[in-house]
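Some notes on the structure that comes next.
In our numbering, the protein residues as written are 26 to 295.
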């Protein structure tokens with residue numbers, strides 16, 4: 026459901042200006058994703074903007090545990106609530122078996138399902154999309170598909186452009202785990218830039234062990250996933266991964282992953 030056109034997004038509380046930043050601004054010319062001057066410009070430009078007081082609450086921390094025989098996995102995704110001036114966003118809605126937990130958790134945070142303006146699912150796997158029907162007043166962004174009821178927005182994310190919900194909140198295509206994965210990037214006053222990535226990152230440990238995201242988590246396109254991971258590492262202060270606790274991004278992590286990307290060592294695990 027795509028065509029070569031362009032439109033602005035809006036939600037029920039405030040009008041939203043869609044002012045895309047091309048993803049080329051995050052990559053160097055080779056498409057590899059070292060810390061290029063263009064990335065530095067992107068970070069600098071964003072930092073010049075006023076910091077808003079966004080509140081980020083992790084509703085449920087994801088987990089994953091592979092069985093000893095490697096035939097099954099016990100897993101569930103992370104779900105996150107982002108509260109900003111005039112709108113609420115839920116990122117990933119857990120599994121269908123988490124319905125009551127999700128409703129109760131939102132109630133404890135003082136938010137009803139009808140007060141959610143945007144539902145973002147980082148990708149279409151069942152532990153991330155299980156409760157979409159709870160949020161019937163929200164715009165649904167499932168990977169790179171944007172809809173409200175039976176109305177689908179065309180040409181969103183065309184040319185890999187981010188989808189802006191607000192000046193400080195944008196949804197960026199980060200393909201790899203699946204080819205339509207997205208990440209939500211939020212600039213906050215308290216934590217700096219927070220990236221909510223779904224399974225682009227399984228957990229902090231997969232910085233050192235690429236098999237966790239490539240083989241255990243599964244990757245439809247390891248090259249694209251490695252590029253997307255480096256892009257997020259280069260702009261984020263904190264990452265909320267798909268199956269583990271939030272972690273702080275260090276310069277050592279950026280450099281280690283950039284070395285992995287340049288050496289193509291992640292290709293050697295087959």
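Backbone N, C-alpha and C fix where the C-beta goes; we use that ideal spot for every residue, glycine too.
When only Cα atoms are considered, residue 260 and residue 279 end up about 10 angstroms apart. For residue 121, DSSP assigns no beta-bridge partner whatsoever. For residue 221, the enclosing beta strand (DSSP E) starts and ends at 217-223. If you ignore the 5 residues before and after residue 83, its C-beta comes within less than 6 angstroms of the C-beta of 105, all in its own chain and listed in chain order. Distances from the CA of residue 243 to each of 203, 109, 88 were compared; the closest alpha carbon is that of 203. Listed in chain order, the beta strand (DSSP E) runs fully inside the segment 161-230 are 164-167, 170-173, 176-178, 188-191, 194-198, 207-213, 217-223, counting runs of at least 3 residues.
Our two residues, residue 100 and residue 147, have alpha carbons roughly 16 angstroms apart in a direct line. For residue 247, the enclosing alpha helix (DSSP H) covers residues 247-260. For residue 176, the number of other beta carbons within 10 angstroms of its own is below 16, and it is reported as exposed. The beta-bridge partner set that DSSP reports for residue 143 consists of 114, 164. Non-local beta-carbon contacts of residue 118 in its own chain, meaning distances under 8 angstroms to residues more than five positions away in sequence, involve 104, 127, 144, 146, 153, 154, 155, 156, 157, 159, 160 in chain order.
Per DSSP, the beta-bridge partners of residue 88 are 101.
With respect to residue 207, residue 169 sits close: the two C-beta atoms are nearer than 8 angstroms. Ranked by how close their Cα comes to the Cα of residue 284, the residues 233, 269, 270, 249 have 233 in first place.
In terms of Cα proximity to residue 166, the closest of 132, 272, 289, 197 is 197. In the displayed model, residue 235 falls within coil according to three-state DSSP, outside both helix and strand.
In this structure, the beta-carbon distance from residue 268 to residue 227 falls below 8 angstroms.
Looking from the CA of residue 216, the closest CA among 251, 181, 193, 238 belongs to 193.
For residue 172 and residue 189, the gap between their C-alpha atoms comes out near 15 angstroms.
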